[in-house]
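These notes concern the structure reproduced below.
Residue numbers (this note's numbering), protein chains in the order written: chain A, 127 to 222; chain B, 127 to 222.
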């Protein structure tokens, strides 16, 4: 299992729009092959910041299958215009 | 429920020491009042980076009760010398 970790800074003032867009667009992630869970959390200290945590069965389910799919395009079309900057995306795994 | 989110950069080359120290010291977190879960994950792109995710019932369980406790001192004594820098700590909650 691999955890996709993305810190998303949204344009300040557009948080409610982002949350609504996320609610519509996130099915593009959760329905993708190998996706086990999608969670969105909002930062308490920096309210225009969100944390997206996605559990994937394998790294390639995110970096290859999802990113090359029409679902990725639809996801980014749904929420991308509300990003203040390109999200910082990393992947984490259980320590060996 | 509040998610504590800490990105911990360990001194490169000391990852195995950190993981062993974490295994010993993390009970100081998990046994603290209001702590529901503690997870550690290792970054795939930056192997000396770790993600600590702790679920707390309330923000104050972390920022007040835990940080003012002897358990916090023991936790930091157990792992702190292996940190390359002070961890960046934030808190996240479910969107309203």
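Here a beta-carbon is modelled for each residue, glycine too, at the ideal position from N, C-alpha and C.
Source: prediction; values computed, not measured.
- Within 8 Å, strictly: CB atoms of residue 166 of chain B and residue 176 of chain B: Here residue 166 of chain B corresponds to residue number 40 of the second chain, with the count starting at 1. Here residue 176 of chain B corresponds to residue number 50 of the second chain, with the count starting at 1. Between residue 166 of chain B and residue 176 of chain B, the C-beta spacing is below 8 Å.
- Please name the residues in the region 193-219 of chain B whose beta-carbon is closer than 8 Å to at least one beta-carbon of chain A, in chain order. 216, 217, 218, 219
- Task: Identify the contact partners of residue 162 of chain A in chain B, using a Cβ-Cβ distance below 8 Å as the criterion.
- Result: For the purposes of this step, residue 162 of chain A is taken as the residue at position 36 of the first chain. Chain B residues near residue 162 of chain A: none, gap ~15 Å exceeds 8 Å.
- Considering only C-alpha positions, which residue in the set A:210, A:163, A:209 is nearest to residue 129 of chain A? Start at 1 with the first residue of the first chain, and residue 129 of chain A comes out as number 3. Proximity to residue 129 of chain A across A:210, A:163, A:209 peaks at A:163, based on C-alpha coordinates.
- Rounded straight-line distance, which links the Cα of residue 197 of chain A to that of residue 220 of chain B: As a first step, residue 220 of chain B is located in the second chain; it is residue number 94 there, counting from the start. As a first step, residue 197 of chain A is located in the first chain; it is residue number 71 there, counting from the start. In a straight line, the C-alpha of residue 220 of chain B is about 24 Å away from that of residue 197 of chain A.
- Task: Note down the Cα distance separating residue 179 of chain A from residue 127 of chain B, rounded to an integer number of angstroms.
- Result: On the first chain, residue 179 of chain A is found 53 positions in, with the first residue counted as 1. On the second chain, residue 127 of chain B is found 1 positions in, with the first residue counted as 1. So the alpha carbons of these two residues sit roughly 16 Å apart.
- Please go through the same chain and pick out, in chain order, the residues whose beta-carbon is closer than 7 Å to the beta-carbon of residue 136 of chain B, but skip the five residues on each side of it. By 1-based counting over the second chain, the position of residue 136 of chain B is 10. If we look at residue 136 of chain B and ignore the five residues flanking it on each side, its Cβ neighbours are 144, 174, 176, 208, 209, 210.
- Between the region 138-163 of chain B and chain A, which residues of the former have a C-beta closer than 7 Å to a C-beta of the latter? 145
- Message: Quick check on residue 158 of chain A: buried or exposed, where buried means 16 or more other Cβ atoms within 10 Å of its Cβ?
- Response: Stepping through the first chain from its first residue, residue 158 of chain A is reached at position 32. With 16 or more Cβ atoms within 10 Å of its Cβ, residue 158 of chain A is classed as buried.
- Message: For a contact defined as C-beta to C-beta under 8 Å, what are the partners of residue 170 of chain A on chain B?
- Response: To locate residue 170 of chain A, count along the first chain from 1; it is residue 44. The answer, in chain order, is 128, 185, 216, 217, 218, 219.
- Message: My parser needs the beta strand (DSSP E) runs of 3 or more residues fully inside the region 142-206 of chain B; what are they?
- Response: Entirely contained in the region 142-206 of chain B, the beta strand (DSSP E) runs reaching 3 residues are, in chain order, 161-169, 175-182.
- Message: Against residue 131 of chain A, what residues of chain B qualify as contacts under a CB-to-CB distance less than 7 Å, listed in chain order?
- Response: Counting from one through the first chain, the residue named residue 131 of chain A turns up at place 5. Going along chain B in sequence order, the residues near residue 131 of chain A (Cβ under 7 Å) are 177.
- Query: Can you name, in chain order, every residue of its own chain whose Cβ lies under 8 Å from the Cβ of residue 147 of chain B, other than the five neighbours on each side?
  - Reply: Locating residue 147 of chain B in the second chain gives position 21, where the first residue counts as 1. Same-chain partners within the cutoff: 204, 205, 208.
- Task: Flag this pair as yes or no: are the beta carbons of residue 200 of chain B and residue 151 of chain B separated by less than 8 Å?
- Result: Indexing the second chain from 1 puts residue 200 of chain B at position 74. Indexing the second chain from 1 puts residue 151 of chain B at position 25. The answer is yes: Cβ separation under 8 Å.
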